[in-house]
Structure formats: C-alpha cells, structure tokens
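With the numbering used here, letter number 242 in the sequence shown gets 243, and the count goes up by one each step, no holes.
From the three backbone atoms N, C-alpha and C, an ideal C-beta is built for every residue, glycine too.
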Amino acid sequence: MPAKNYAYVNKDMLLWARSETPFTTTADAAAYISGISADKLNAWESGAELPSITEAKKIAAAYKVPFACFYLSAPPEKKIKKYTDRRTLNGTVYCEASYELWGEINRITGVRDELLEYASDEDFVSFSLPTFEADITITEIGKALRDFLNLKFPFKNKSVYGNAFNYFRSIFEHRGILVAQVSGVALSEMKGLSIYCEPCSIIAVNSKDFERAKVFSLFHELAHLVRRSSSLCLIDFDERNDDEEKLCDRIAAETLLPEEAFKQVVKNIWPSYREWSSSCLQSIGDKFGVSSLVVLRRLHELKMLPYKDYQQIYNALNEEFEANRELIERARKGKELPIKYYIRYLNKQGYLFPRIIVEAHARGAISYGEMCKTLNVSRQHIGSIEQAVMFT
C-alpha cells in the first residue's frame, strides 16, 4: 500500500472553516463530504490525526474555502453577515440557513466580486440607487422608483413584457443591480435576498417560485435596497412579520400597482366578472405583470376588499397554486424537455455578470481563456452566451 500523503494542516483552521458554514457538528459536515466520516473529522479537528491531501481538499471544497487556508497559523476575523435574516417560523423563531442556501449566497456574492474586478469605470457610474428622507410617503417612494426604472403602469397588454420576471429583471440589471436566481433551495426557506453595496447591489430570488411571484420578490428586495436594509426574506404577507418586511411589501405594491392606475384598471375589468374569481384577478394582474395573490393583497390594502373575503379567497388561491405547482412538476418530470445550456446559465447568473466579462474581453482587458474561466463556461457555449448578453 502506498504511503499516505498527509496534509499537515492547522487543526484550528479546520475548526474555523467549519464554523463559517451552517455545519454545527462534524456529523452535519460529514453528510456532505463523500467518503469522510464524522469520526475522521473529529480526529482531524482535535489534532489526533492528519487528513491526506485529497481528504483535506474535499473538506475545503465542502466548506468553500481555499485549500491553502488550512495551513495558516491563525484564523482570520470572523465574517460579518452581509444581511439581516428576516425569515420567521410561526412568527417568532428564526431559522438557520441550510447548506444549500449558504452555498448559493456565497456563489452570488462571489460573482459580484468577480464582476467588479473586471468592470470598467463607466459600467456603474450613472446607476446610484435612490435615497429617501425619513418623512417621505410610500406613494412618493413608489413614483420615484418607477421613475428610476423608467416604468409606466398599467401595461397595454401582456405582449409588452412577455415573461414578466425576465422583463423586469432586464430593467434592474440595466440599472446596475445584479439579479440572480438561487437553485436547490425550498421556497419555504427563502423567496428573496437583497444585499446593498455600492456599486452593484445584489438581488436574488428563488428559481422554484412562479414567474409573477418572482416579480413581487424583485420589487420587495428593491425596497430593502433603497432603504439600505439588506435582508433574507420569505415574502409571505404574514401579519406577524417585522415592520421592515411589512413596509417593503407596501413599497413594492405601490411601485408595481400604483393606487390611481390600479383602481382604474379594477374599475374597467370588474364589470366583466362581477366576482373576485381567479380569472378576474389574473386579468387585473396582466396589466401590471404580477400574480393574482399580489392583486388580491392590493385590493385588501386599498380597502376595496374586506379582510374576511380577502382571507377566504387567499386560502383558495393558495390551494389552487399548490395544486398547479404539483401538476407542473409532474409534467416537467414526464417530458424532461431539454433546455439549452446558455439559457439555464443566464437564468441562474443573470445577464449583468456575463455582459461585464464579455465586454472586458472585447476591450482587451482579459484573454479569451480568462473569459471562459471567469464565467466558468466551456468554449463551446461562449458564443451563445456572448450573443445573448450583448443583444439584450
């Protein structure tokens, strides 16, 4: 048997690296590291044994740290979380982020770091997020945000925006906001994330959500950004949410469904239905690119629908949406329609990051190979991504 190539790591650095993850025990960590048991991790963290180089590299990959950091003499200062966790369970208990969510947040913040490394001086010069005085009204904030995004509501018809989420996402990214989607994370764990930074603030939404539900999440997180309140959110309209969540819901609603325009649309559409059916709510939502649930919430918020009726219809719509979600998942599994790689890539990463990197290559700041490596894309897919981001 060949001699084991030991990695002479600092046990304190092993402990530090795990402390930066959601793994509170070695058993938690071992569940995500193939071929490594909790007993082995305990032995290495105590200094009783040493891992091999291969084993240490596996740990580094799982903890998402450079392998070389295990050789440092002392841990760096503990990172300060870049956002406030506003998710609640039963209104009171804050829940820890899963390993999957933690990994996705690290991925997205890493993308921003790389984007800024290759951005030119002109890329973000004209896109500073608005700021507001403490005494400004929500109506005024909504108007200012529509002006910032150059949005006018209501839309004439759905053909104006097509896929509502992609339409609004493109507008946000052209204002210098990085919009990404997280994958592999349950909707019950998160729907939206905002991290305020200048330049290039971050918004992330859950890819598992419905298209128009993601639209409201976008604007809810934008409200956090302009308030400089970076947050991890469920966006569930729960009355027990903190005041910041409720306020951002109201700002998002006023921005997307401005009161005057919304009431006029309702007045025009209501006579055709004479009841708040899902078809009626959807027809109203079509004029703003939002979901029926958001329309329903706005009706109640503007005192156009009593709370009792709102709650009853809300519960019925939720049941209908969940049933549709199951049908969609079954159909997806049955068909397994192939989606082109570049579309999957852009859905996850957004357009802003690859556009900045492609432009950096175009002006000679990085080589073709560096562009592929930075985007983490093989050469065969670069052409499709380049064409998509440069002509969108």
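Where does residue i sit, in a helix, a strand or coil, going by DSSP?
i	result
Ser385	helix
Cys70	helix
Ile178	coil
Thr86	Note on identity: in this sequence residue 86 is Asp, with Thr being the wrong assignment. DSSP places Asp86 in strand when its eight states are reduced to three.
Cys201	coil
Leu188	coil
Asn319	helix
Asn269	helix
Ser160	helix
Ser195	strand
Leu130	coil
Ser280	helix
Asn43	helix
Val390	helix
Which word fits residue i, buried or exposed, when buried means at least 16 other C-beta atoms lie within 10 angstroms of its C-beta?
i	result
Phe392	exposed
Thr27	buried
Val126	exposed
Thr22	buried
Ser232	buried
Thr55	exposed
Ser35	exposed
Glu240	exposed
Lys215	buried
Arg364	exposed
Can you list, in chain order, the residues of its chain with a C-beta nearer than 8 angstroms to that of residue i? Leave out the 5 residues immediately preceding and following it.
i	result
Tyr308	His301
Ile172	Leu150, Asn151 and Leu152
Asp210	Leu188, Lys192 and Ser218
Leu258	Phe154, Phe289, Val291, Val295, Val296 and Arg299
Thinking C-alpha only, which one of the options is nearest residue i?
i	options	result
Ile252	Ile139, Pro355 and Leu16	Ile139
Gln388	Ser202, Leu347 and Asn151	Leu347
Arg380	Glu50, Val359, Ile285 and Cys234	Val359
Leu401	Ser99, Arg87, Ser195 and Thr132	For the chain, the structure presents residues 2 to 393; residue 401 sits outside this window and is missing.
Cys201	Tyr369, Lys192 and His175	His175
Ser99	Tyr64, Leu117, Glu118 and Ala75	Tyr64
Asn11	Ala39, Asn43, Ala62 and Ser74	Ser74
Roughly how many angstroms lie between the CA atoms of residue i and residue j, to the nearest whole one?
i	j	result
Glu320	Gln312	12 angstroms
Asn167	Lys374	26 angstroms
Asp244	Lys59	43 angstroms
Glu276	Val161	27 angstroms
Lys264	Pro272	13 angstroms
Asp287	Val112	33 angstroms
Gly92	Glu134	Caution is warranted here: a pLDDT of 49 is assigned to Gly92, below 50, making its placement in the model unreliable, and no coordinate value can be reported.
Arg108	Tyr274	46 angstroms
Asp86	His221	15 angstroms
Looking only at its own chain, which residues have a Cβ that is under 7 angstroms from the Cβ of residue i, when we skip the five neighbours before and after it?
i	result
Ser279	Ser293, Leu318 and Glu321
Lys247	none
Glu212	Asn164, Ala165 and Phe166
What residues in its chain sit with their C-beta under 6 angstroms from that of residue i, if we drop five residues either side in the sequence?
i	result
Val94	Legend: pLDDT at Val94 = 47, less than 50; position of this residue unreliable, no value from coordinates given.
Lys79	none
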